[in-house]
Ligand code: SF4
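Numbering (this note's numbering), first residue to last: 980 to 1317.
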């Protein structure tokens, strides 16, 4: 905690005790780095300054502001949780870990973070940084990918948390993992090296133990940017996928190697990695003569580029668009936040 006093980064969500703002920051940071998440935090808080504003916002405007952050279920759960706070907690954010964890999208880590940062409840936070710090300092060999890990590390962290300053302890241990005890740390300047088990036993690179990840599935996606009468053929994704509610061009999934008609090939975005998927994407610009009667595939609509610009889109599509701004129809859909 003394180290934290000297080394902490000044971040806006650390200057507040407002549980709503802290919650927003924690949800953003669940799968996003601080530098990337910061402008989103500020924009979202400016657009929805209180939980009621978020609860009552049109989903499309929330997704639009979330655009580029990925993992859109987080945004949808944010809104669901805000509506629940309005309905079940009379609009005031729940004040205890046990209540906070009932909100959609809030797991043990996020609930502990909000309960301790906003309300000084002595609940230890355990995230990837905390796993790493504790595993090294105490020489814990539990596989952090195992189902037992959370319980083991939570119990250890809980035994260390000082009741008079749980927020300070939680902030400190996470920041220590983020800045000092990093995956490849500089132990020579570390204040804990005299007591650190991993350092003493020369096992810093071995800990924490993490078993191999599940196999990544490869997906091929082919976008046809079909243009006619200065409009493009697009659709909103439905179903329960991670891109639900986001908009895209005409999509053909799977290999298109068999296709042999002349076409204009656009620059492909780099291979896109999601948690368990690796997406290889190709795109073509298809200009259809104005008077040609094209059968519109189910689920698709014609839309002007400026209207499409205002829709939420997956980051893969944003990359595709910004990489191909020499294509006139795409110039009008250039995204705001890049
Ligand atoms: S000595 Fe190295 S491994 Fe141990 S806590 Fe410090 S930075 Fe981490």
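All C-beta atoms in this analysis are idealised placements derived from N, C-alpha and C, irrespective of residue type, glycine included.
1. Measure the C-alpha to C-alpha separation of residue 972 and residue 1211 and round it to an integer number of angstroms.
2. Comparing C-alpha positions only, which one of 1261, 1286, 1039, 1002 sits nearest to residue 1245?
3. Should residue 1183 be listed as close to the ligand FAD, given that the test is whether its C-beta is under 7 Å from any heavy atom?
4. Kindly confirm or deny that the segment 1119-1128 and the segment 1141-1149 touch, where touching means at least three C-beta pairs closer than 8 Å.
5. Below 8 Å between beta carbons: does that hold for residue 1113 and residue 1135?
6. Whose C-alpha, out of 1289, 1139, 1181, is nearest the C-alpha of residue 1101?
7. For the 8 Å Cβ check, are there 3 or more pairs between the segment 1064-1072 and the segment 1049-1056?
8. Counting Cβ pairs, one atom from each stretch, are 3 or more of them under 8 Å apart for the segment 1151-1171 and the segment 997-1010?
9. Across the segment 1221-1234 and the segment 1292-1300, are there enough close Cβ pairs to call them in contact, namely three or more that are closer than 8 Å?
10. What residue range is occupied by the uninterrupted alpha helix (DSSP H) comprising residue 1134?
11. Among the candidates 1111, 1313, 1151, whose CA atom is the shortest distance from the CA of residue 1189?
12. Sorry if obvious, but does the Cβ on residue 1166 come closer than 7 Å to a heavy atom of the ligand SF4?
13. Would you give the residue range spanned by the alpha helix (DSSP H) that residue 1300 belongs to?
14. Per DSSP, what kind of secondary structure is residue 986 in: helix, strand or coil?
15. Whole angstroms is fine: what's the gap from residue 1255's alpha carbon to residue 1010's?
16. What is the rounded straight-line gap between the Cα of residue 1317 and the Cα of residue 1209?
17. Within the same chain, show all residues whose beta-carbon is closer than 6 Å to that of residue 1265, passing over the 5 residues directly before and after it, in chain order.
18. I'd like to confirm something about residue 1171: is its beta-carbon nearer than 7 Å to some heavy atom of the ligand SF4, or not?
19. Tell me whether residue 1178 counts as near the ligand SF4, meaning its Cβ is closer than 7 Å to at least one heavy atom of that ligand.
20. Excluding the five sequence neighbours on either side, which residues of its own chain have a C-beta within less than 8 Å of the C-beta of residue 1280, listed in chain order?
21. With DSSP as the reference, please indicate the residues paired to residue 1202 in a beta bridge.
22. Could you check whether residue 1022 and residue 1044 sit closer than 8 Å to each other, using their CB atoms as the reference points?
23. Do residue 1079 and residue 1090 count as a contact pair if the criterion is CB distance below 8 Å?
24. Run through DSSP, which three-state label would residue 1257 get?
25. Over the uninterrupted alpha helix (DSSP H) stretch that includes residue 1021, give me the two end residues.
26. By how many angstroms is the C-alpha of residue 1207 removed from the C-alpha of residue 1285?
27. Tell me the rounded alpha-carbon separation between residue 1008 and residue 1016.
Looking at the coordinates:
1. Within the shown structure, residues of the chain are numbered from 980 to 1317, placing residue 972 beyond reach of any answer.
2. 1261
3. No copy of the ligand FAD appears in this structure; the ligands present are the ligand SF4.
4. no
5. yes
6. 1139
7. no
8. no
9. yes
10. 1128-1139
11. 1111
12. yes
13. 1294-1301
14. helix
15. 14 Å
16. For residue 1317, the pLDDT reaches just 40, beneath the cut-off of 50, and the residue's location in the model is therefore unreliable, although a value from the coordinates is still provided. Whole-angstrom Cα-Cα distance: 25 Å.
17. 1203, 1205
18. yes
19. yes
20. 1212, 1213, 1214
21. 1230, 1262
22. yes
23. yes
24. strand
25. 1013-1026
26. 15 Å
27. 6 Å
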